[in-house]
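Novice: Last residue of the sequence shown: 1195 (the working numbering), numbering continuous. My questions will all concern the structure given below.
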Amino acid sequence: MPDPEATAGDAKLLRIGLISEVQNLDPSRAQDFVSLMAVSQIFETPFAPPQGDEPARPVLFSEPLASESEDRTRYSAQVRPDVRFSDGTPLTPELLARSLARVSHIRDLASTEVSGDRLHFHLRRSNARFELVLAEPYSGVVLESGSALLGTGPYRLADDSTPQRLHLTRNPHHQPPPAIGELRFTCYPPDEEGRPTALLAALEEGRVDFTNVLNREDTSELRRVRKAFAPGNSTSILYFNTERPELASSEVRRALATAIDRVEVATLCYPTNPLAITAAGLLPPMMSSWRDGLLYRLDRARSLLEQAPGPRPERLRLMVIFGPRPYLPQPRAVARYIAGQLAELGIAVEIEPARDSEDYFRRVASGDYDMALTGWIADTLDPVDYLEACLASDSIPTTDRPISIHANLSRWRNEAVDGLLKELRLDPSTALQHELLAAIAEEVPLLPLVTGSVVYVHSFQVRNFEPDPLGIPDFSRLDLRRL
């Protein structure tokens, strides 16, 4: 049955289907993929992520960053004079500097200074690609207006919005104005088995125009929609909490990893073509073809555990992400499989699914788990960003370091790896990258499981859509033609 709201008032209403609600509309604090997709429509970042071989494009600056030092620690750029927030307030260098200072990650990296119409960045360590930091969603520029956050993006928050039904309307001051006048994000929660049954029905019945939160298996039987696939930009990961004494030994962690058949995990997630998405390393396929050499051998796993220095684990708590993700469409089934495999080593595993996103982020920040079954989706096309988020010592989540930026859920600290990450910032060579990945394969703070691709599903009425490799579309570029 057609949705009556789709033809009432402004016919250019895009209905976006989700399987979890929008958690936070502050770009500096949004921690989940759905929230980041929503804030990207409201808040512009100083730079747009690079596309293909093209460099990051200035959005709120009139020009690319100008390097002002040989060691790549000082940059500046002119702020555009024609940008307006949704209430008409002009964007000034002072407002841009104030907004960026709200972001803990940027505060850790650089200080800012205003000189006329230019904003200067003074970095605390060298970064040859600092513009990528300013292109990440958490760098979205905000104007604090009372309790509200206003943006310069193509859309603004409507008064009737709720986390389950987010409603965005045009920002009247954005140029050019988007063709689609309204966006409505509606949550269709998964069923008891974790399947997106309600969202699939809404798509097939024409009540949803667009979604990017499903996987290939989910969409295989949909017939009345278009589908597009982007290369894998994410990895599901089993993290070992190295702060736990029984998981502090790399020998123990290797034993646990060797007991898990990643092909079997992939079969649980994608039974039609598991070999194509079985992870061979931490980086998604769009970033690297490195293979970590971690092979499944249960007999060897038993031997490794017997020879490992103590203490050895007898019981472990496995925290599981709160719902299906593109890299992990069957989180509970995979958790049960992991528990069964580790039981073969004499280790009892207590599966603890996070109740919701709030519970998940709380436990991640406090390290309240022995193992965590979750994953990471690329924020940029830069492999160094991905590696830094998952491995750097200063990427361990805390209440002051949200997981949207800090995803070292292994809570692993390694000086050699931190040093290699700093070198990669200056010299992002394949040789250095492989040296770092080899160190990870040796120490096994985590086990990559399955790679996830981005699956876009939209109605035949959607026009001008082109897949984005990072999975976050710019809805202002689309158009609709209601039939």
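C-beta atoms are modelled at their ideal positions from N, C-alpha and C, and glycine is treated no differently.
Is Glu-894 near Leu-911, with beta carbons less than 8 Å apart?
Specialist: It is not a contact, given that the beta carbons lie outside the stated cut-off.
Novice: Just how far apart, CA to CA, sit Leu-844 and His-1118?
Specialist: Spanning the two alpha carbons is a distance of roughly 16 Å.
Novice: Is the region 779-788 touching the region 1098-1114 in the sense that three or more CB pairs, one from each, lie closer than 8 Å?
Specialist: With a cut-off of 8 Å, the region 779-788 and the region 1098-1114 do not count as touching, because too few Cβ pairs lie within range.
Novice: Note the first and the last residue of the continuous beta strand (DSSP E) segment covering Thr-785.
Specialist: Here Thr-785 belongs to no beta strand (DSSP E), and DSSP marks it neither H nor E.
Novice: Taking the Cβ atom as the reference point for each residue, do Leu-835 and Ala-789 lie within a distance shorter than 8 Å?
Specialist: Their beta carbons are not under 8 Å apart, which means Leu-835 does not touch Ala-789 by this criterion.
Novice: So, using beta-carbon positions, are Phe-755 and Arg-769 closer together than 8 Å?
Specialist: Their beta carbons are not under 8 Å apart, which means Phe-755 does not touch Arg-769 by this criterion.
Novice: Where do the N-terminal and C-terminal ends of the alpha helix (DSSP H) with Glu-843 fall, by residue?
Specialist: Element bounds for Glu-843: 842-845.
Novice: Just to confirm, are Ser-948 and Leu-1040 a CB contact at a threshold of 8 Å?
Specialist: Result yes, Cβ atoms of Ser-948 and Leu-1040 sit closer than 8 Å.
Novice: Which value, in whole angstroms, describes the spacing of the CA atoms of Glu-933 and Gly-1079?
Specialist: If I take the Cα positions, the gap works out to 40 Å.
Novice: How should Glu-806 be labelled, buried or exposed, when 16 other C-beta atoms within 10 angstroms of its C-beta is the threshold for buried?
Specialist: Result: exposed.
Novice: Are Ile-892 and Leu-1190 closer than 8 Å when you measure CB to CB?
Specialist: Cβ atoms of Ile-892 and Leu-1190: closer than 8 Å.
Novice: Could you tell me the alpha carbon to alpha carbon distance between Leu-1103 and Thr-1086, rounded to whole angstroms?
Specialist: Each residue's alpha carbon lies about 15 Å from the other.
Novice: Just confirm the distance between the C-beta atoms of Arg-1075 and Ile-1063, as a whole number of angstroms; I'd bet it's less than 8 Å.
Specialist: Rounded, the Cβ-Cβ distance is 14 Å, inconsistent with contact.
Novice: In or out: Ala-1150 buried (at least 16 other Cβ within 10 Å) or exposed?
Specialist: So Ala-1150 ends up on the exposed side.
Novice: Step through the CB atoms of chain D and report whether any lies within less than 8 Å of the CB of Ala-1055.
Specialist: No chain D appears in this structure, which consists of one protein chain only.
Novice: Rounded to whole angstroms, what is the Cα-Cα separation between Val-791 and Arg-938?
Specialist: Approximately 40 Å between the Cα atoms of the pair.
Novice: Whose C-alpha, out of Val-925, Pro-901 and Val-1166, is nearest the C-alpha of Ala-942?
Specialist: Ala-942 has its Cα closest to that of Val-1166, out of Val-925, Pro-901 and Val-1166.
Novice: Using only alpha-carbon positions, find the residue among Arg-1067, Asp-973, Arg-965 and Asp-1004 that is nearest to Ala-1020.
Specialist: Here the closest residue by C-alpha is Arg-965.
Novice: Report the partner residues of Lys-939 according to the DSSP bridge assignment.
Specialist: Beta-bridge pairing links Lys-939 to Val-1169.
Novice: What are the boundary residues of the beta strand (DSSP E) that Arg-882 is part of?
Specialist: Taken as a continuous stretch (DSSP letters only), the beta strand (DSSP E) holding Arg-882 covers 877-882.
Novice: Hey, is the region 735-747 in contact with the region 849-857, meaning 3+ C-beta pairs nearer than 8 Å?
Specialist: Result yes; three or more Cβ-Cβ pairs closer than 8 Å.
Novice: Please give the ranges of any beta strand (DSSP E) in the region 1054-1117, keeping only runs that are unbroken, at least 3 residues long and fully inside the region.
Specialist: List check, beta strand (DSSP E) in window: 1060-1065 and 1083-1089.
Novice: Any idea what DSSP makes of Ala-768, helix, strand or coil?
Specialist: Coil at Ala-768, not helix or strand.
Novice: What residue range is occupied by the uninterrupted beta strand (DSSP E) comprising Thr-984?
Specialist: Unbroken run through Thr-984: none, as it is neither H nor E.
Novice: Any idea which residues DSSP pairs Thr-947 with across the strands?
Specialist: Answer by DSSP bridge pairing, in chain order: Trp-1088 and Thr-1163.
Novice: Flag this pair as touching only if the region 792-806 and the region 881-888 have three or more C-beta atom pairs under 8 Å; answer yes or no.
Specialist: These segments touch.
Novice: May I ask you to report which of helix, strand or coil DSSP gives Met-713?
Specialist: Annotation note: pLDDT 47 at Met-713 (below 50); position unreliable, coordinate value reported separately. Looking at Met-713 - three-state DSSP - the assignment turns out to be coil, as it is neither helix nor strand.
Novice: Mind checking Phe-1172: buried by the 16 CB within 10 Å criterion, or exposed?
Specialist: Phe-1172 should be labelled exposed.
Novice: In whole angstroms, what separates the C-alpha of Pro-1185 from that of Leu-1016?
Specialist: Roughly 46 Å separates the two Cα atoms.
Novice: Round the Cβ separation of Arg-974 and Tyr-1008 to the nearest angstrom and send it over; I've been treating them as touching at under 8 Å.
Specialist: Contact holds; Cβ gap of about 7 Å.
Novice: Hey, would you say His-1170 sits closer than 8 Å to Phe-922, going by beta carbons?
Specialist: Yes. Within cutoff.
Novice: Short check: CB of Tyr-1081 to CB of Ala-1090, under 8 Å?
Specialist: Contact flag unset, no.
Novice: Grab the span of the beta strand (DSSP E) containing Met-1031 for me, first residue to last.
Specialist: Per DSSP, Met-1031 belongs to the beta strand (DSSP E) from 1027-1032.
Novice: Can you tell me whether Ile-972 is helix, strand or coil according to DSSP?
Specialist: Coil.
Novice: Round the Cβ separation of Ser-946 and Gly-1164 to the nearest angstrom and send it over; I've been treating them as touching at under 8 Å.
Specialist: Rounded, the Cβ-Cβ distance is 4 Å, consistent with contact.
Novice: State the Cα-Cα distance for the pair Pro-1095 and Ile-818, rounded to the nearest angstrom.
Specialist: Answer to the nearest angstrom: the Cα atoms are 19 Å apart.
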